[in-house]
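Same order as they appear, the protein sequences are chains A and L.
Quick note: the first sequence uses UniProt numbering, first residue 1, plus one each step.
Quick note: the second sequence uses UniProt numbering, first residue 1, plus one each step.
Virtual Cβ for every residue (Gly too), placed ideally from N, Cα, C.
First the structure, in the form of structure tokens, and then the observations on it.
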Amino acid sequence: MDSSGECDRNLHQVKHVVLVLSGKGGVGKSTITTELALALIHAGKKVGILDVDLCGPSIPRMLRVGKPEVHQCDAGWVPVYADPQQQLAIMSIGFLLEDSDEAVIWRGPKKTALIGQFVSDVAWGELDVLLVDTPPGTSDEHLAVLENLRKHRVDGAVLVTTPQAVSTGDVRREITFCKKTAVKILGIVENMSGFVCPHCSECSNIFSKGGGEELAKLTGSVFLGSVPLDPLLAASLEEGQDFLQAFPDSSTYTAISQIANTLLSSLDA
Amino acid sequence: MADVPSDAPEHCPGTSSDQAGKSSACQGCPNQNICASGAAKAPDPGIHAYISIWLLKLVSSVALLDVDICGPSIPKIMGLEGEQVHQSGSGWSPVYVEDNLAVMSIGFLLSSPDDAVIWRGPKKNGMIKQFLRDVDWGEVDYLIVDTPPGTSDEHLSIVQYLSGAGIDGAVIITTPQEVSLQDVRKEIRFCKKVKIPIIGVIENMSGFVCPKCKNTSQIFPPTTGGAQRMCEELNLPLLGSVPLDPRIGRSCDEGKSFLTEVPDSPAAVAYQNIVQSKSSKPQQASLY
């Protein structure tokens, strides 16, 4: 069967595709992907998350979807829904592992093959936004996603960094990657941007300060916003709780909502 | 074969000749200590640098090999940005932080900080092979290898290419969070599958002491018991916990040695304890 035709069919009702990239590991890509997805749902959108971090799939736990079985239908794999209203659809290798501690020790070609399947064989149905959570770096997974999405439109990429120069240094490489692969940069998110001590309210810049905004200026990219270090957010993700629903009065909620709104405006523009 | 320096750690198998790291010549001379970064989905890339620096207080010489091909951070952290690698008759010369601390990274081969390394697996493997085969490390007590997160090409290649020389073990790094531990358990399985002994686990970003009020906050709460519980469950040594310190980030960004700049920081003390305890206790690496 013509795989590009399948890809078109399974993606043709997906209005926007956004990659979430970073250079470094541990900057919070999966966190930002999860929170953006939740913010978009609260704004009434239908969202999908494609988790192509095959070695370290975090999305299933962050959304507390456990280990459901992945079913097949005529169009391909049925995604796992995080909610009964089926507003948030997910596909991750996490669902395909019998033992969640099992290591996926694959070289590039095998990873590329599975990602190809994830892109073309998941029956996403109607979606406003499909977010693609990637592993750190600029390698097989990233190239596989782009190659398989070639027939469909990729609206662009959101780049996640911490304020530290070491992190922004790697994001500069991601920016080069986007330029070389003709992926539009929708904007930069600075994560782990400051920590307000719950005891004395002193703000500490644990991972330095301002790197994300500077990077945006330096590279002529949009600065989408910063998300502070928030133990409540970290705990919510651990438990698979909807942080935005649980803590709507927090400054973190405001930060994430603003980023999501800015992103949505640029997609709909 | 090699002699063991009198001040070397107990499990140091001995100094190698100038063939350190070159698999074919290293048969029977296992002298590499591979440090798998675990899923260190932890935004502090300095751990291997600091371990290397601290090790120097105990041994004669250390080499640090950065095989994070797509995201090489070691040059910046060690204050070596802009340095270049030179070729000589005996191979590539690594970049020296001190006379006895040598570093190699693809970062030194890129002409601009914006250069992206957009390589698939086979090309990354080729680079790693060159690093191991062609770099003239000289006499080295320890070779520490900084790996990217995951269990893929880089990890398989390092294991494969160093199989002749032998890998002493892996140090696994995690944060207290379950999302990190989840990935690190996979790293541990990887080590088991490829038969690398696990020296132990380091928990990074383990609490934050507010510089103003000195209270401790758990920014990354150990909702499932942190590294301690995981180590208990898997019968692995917990080498230590390193707290968050904003000055670490700053030192990394400035390429300065955090251990020299702020030696009394709880984080610096933690590193000291980790390295010294590894060397003083006659603990065997866990191979299961």
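According to DSSP, residue i sits in a beta bridge with which residue or residues?
i, result
"Ile-185(A)", "Ala-157(A)"
"His-142(A)", "In the DSSP output, where bridge partners are listed per residue, His-142(A) has none listed."
"Asn-273(L)", "Asn-273(L) is not bridged to any residue."
"Tyr-142(L)", "Val-62(L)"
"Ile-204(L)", "With the sequence shown as reference, residue 204(L) is identified as Asn, and Ile is not the correct amino acid for it. Paired residue(s): Val-242(L)."
"Val-132(A)", "Leu-19(A) and Leu-50(A)"
"Leu-127(A)", "Val-14(A)"
"Ala-170(L)", "Ile-198(L)"
"Ser-217(L)", "Phe-208(L)"
"Val-135(L)", "Trp-92(L)"
In whole angstroms, what is the alpha-carbon distance linking residue i and residue j?
i, j, result
"Tyr-142(L)", "Val-97(L)", "15 Å"
"Leu-232(A)", "Thr-216(L)", "15 Å"
"Val-78(A)", "Lys-76(L)", "45 Å"
"Glu-238(A)", "Pro-197(L)", "29 Å"
"Val-95(L)", "Asp-114(L)", "21 Å"
"Lys-24(A)", "Gln-164(A)", "11 Å"
"Trp-137(L)", "Ala-63(L)", "7 Å"
"Val-194(L)", "Val-159(L)", "7 Å"
"residue 305(L)", "Lys-46(A)", "For residue 305(L) there is no data in the structure shown, the boundaries of chain L being 1 and 288."
"Ser-100(A)", "Pro-57(A)", "10 Å"
"Ala-75(A)", "Arg-9(A)", "8 Å"
"Val-18(A)", "Arg-150(A)", "13 Å"
"Ile-53(L)", "Ile-274(L)", "12 Å"
"Asp-148(L)", "Gly-108(A)", "The sequence as given places Pro at residue 148(L); Asp does not occur at that position. Approximately 14 Å, taken between the alpha carbons."
"Leu-238(L)", "Val-269(L)", "16 Å"
"Phe-223(A)", "Asn-204(L)", "29 Å"
"Pro-122(L)", "Ser-157(L)", "10 Å"
"Gln-177(L)", "Thr-224(L)", "7 Å"
"Ser-265(L)", "Lys-212(L)", "14 Å"
"Ile-51(L)", "Ala-267(L)", "12 Å"
"Asp-170(A)", "Pro-198(A)", "31 Å"
"Leu-236(L)", "Val-104(A)", "21 Å"
"Ala-260(A)", "Val-179(L)", "23 Å"
"Phe-131(L)", "Leu-162(L)", "11 Å"
"Lys-67(A)", "Pro-60(A)", "8 Å"
"Cys-210(L)", "Phe-195(A)", "9 Å"
"Val-262(L)", "Asp-253(L)", "15 Å"
"Phe-247(A)", "Ser-167(A)", "28 Å"
"Val-119(A)", "Leu-267(A)", "20 Å"
"Gly-210(A)", "Glu-98(A)", "42 Å"
"Ser-206(L)", "Ile-188(L)", "20 Å"
"Ser-277(L)", "Ser-61(L)", "19 Å"
"Gln-32(L)", "Pro-72(L)", "Here Gln-32(L) scores only 48 on pLDDT, less than 50, and its place in the model is too uncertain to base an answer on."
"Gln-258(A)", "Gln-87(L)", "51 Å"
Mind pulling the chain A residues with CB within less than 8 Å of residue i?
i, result
"residue 347(L)", "Since the displayed chain L opens at 1 and closes at 288, residue 347(L) lies outside it and no answer follows."
"Leu-244(L)", "Ile-206"
"Val-59(L)", "Per Cβ cutoff of 8 Å: no residues; Val-59(L) is ~27 Å from chain A at best."
"residue 289(L)", "Because residue 289(L) is not part of the residues shown, which for chain L are 1 to 288, the question remains open."
"residue 369(L)", "Residue numbering for chain L in the displayed model covers 1 to 288; residue 369(L) lies beyond these limits and cannot be assessed."
"Arg-229(L)", "By Cβ distance, chain A contributes nothing, its closest Cβ being about 13 Å from Arg-229(L), past 8 Å."
Name, please, each residue of chain A whose Cβ falls closer than 7 Å to the Cβ of residue i.
i, result
"Gln-177(L)", "Ala-234 and Glu-238"
"Val-201(L)", "Those do not exist, as Val-201(L) stays about 15 Å from chain A at its closest Cβ, beyond 7 Å."
"Arg-120(L)", "Gly-108, Ser-139, Asp-140 and Leu-143"
"Phe-190(L)", "Ala-103 and Ile-105"
"Thr-147(L)", "Those do not exist, as Thr-147(L) stays about 11 Å from chain A at its closest Cβ, beyond 7 Å."
"Pro-211(L)", "Ser-204"
"Thr-174(L)", "Those within 7 Å of Thr-174(L) in chain A number zero; the least Cβ separation is about 10 Å."
Given that residue i touches chain L, what residues does it touch there, using C-beta distances under 7 Å?
i, result
"Gly-212(A)", "Residues of chain L passing the Cβ test: none, with the nearest at roughly 13 Å."
"Thr-176(A)", "Asp-114, Asp-115 and Ala-116"
"Arg-172(A)", "Pro-113 and Asp-114"
List, in order along the chain, the chain A residues whose C-beta lies closer than 9 Å to that of residue i?
i, result
"Asn-215(L)", "Cys-197, Pro-198, His-199 and Cys-200"
"Val-159(L)", "Result: empty, since nearest Cβ-Cβ is about 10 Å, beyond 9 Å."
"Gly-150(L)", "Gly-25, Asp-53, Leu-54, Cys-55, Gly-56, Val-104, Pro-135, Pro-136 and Gly-137"
Mind pulling the chain L residues with CB within less than 8 Å of residue i?
i, result
"Gln-164(A)", "Pro-43, Gly-249, Cys-252 and Asp-253"
"Gly-169(A)", "Ser-73, Lys-76 and Pro-113"
Strictly below 9 Å CB to CB, what residues from chain L border residue i?
i, result
"Gly-116(A)", "Correct list: empty, because the minimum Cβ distance to chain L is about 14 Å."
Unbroken stretches of the alpha helix (DSSP H), 4 residues or longer, contained in the region 42-121 of chain L:
Qualifying alpha helix (DSSP H) stretches, in chain order: 47-55 and 74-77.
Residues of the region 47-67 of chain A with a CB closer than 9 Å to any CB of chain C: list them in chain order, please.
Within the model displayed, chain C is absent; protein chains A and L are what it includes.
So, does the region 98-112 of chain L touch the region 183-199 of chain L, judging by three or more C-beta pairs under 8 Å?
no
So, do the region 246-253 of chain L and the region 53-72 of chain L have three or more beta carbon pairs nearer to each other than 8 Å?
In this structure the region 246-253 of chain L does not lie against the region 53-72 of chain L, because fewer than three pairs of beta carbons, one per stretch, are closer than 8 Å.
For a minimum of 3 consecutive residues, which ranges assigned as the beta strand (DSSP E) are wholly contained in the region 182-245 of chain A?
185-190 and 223-226
Validate contact between the region 188-196 of chain A and the region 145-156 of chain A using beta carbons, cut 8 Å, 3 pairs
Contact between the region 188-196 of chain A and the region 145-156 of chain A is absent, because fewer than three Cβ pairs lie under 8 Å.
I'd like the ranges of any beta strand (DSSP E) spanning at least 3 consecutive residues and lying wholly in the region 70-111 of chain A.
88-92
Is it true that the region 133-146 of chain A meets the region 25-34 of chain A, where meeting means three or more beta-carbon pairs spaced less than 8 Å apart?
yes
Examine the Cβ distances between the region 247-257 of chain A and the region 214-228 of chain A and report whether three or more of them are shorter than 8 Å.
yes
Can you confirm whether the region 161-179 of chain L touches the region 199-214 of chain L when touching is taken to mean that 3 or more C-beta pairs between the two stretches lie within less than 8 Å?
Judged by Cβ distances under 8 Å, the region 199-214 of chain L makes contact with the region 161-179 of chain L, as three or more pairs qualify.
Is there contact here, the region 48-64 of chain A with the region 86-96 of chain A, by at least three beta-carbon pairs under 8 Å?
yes
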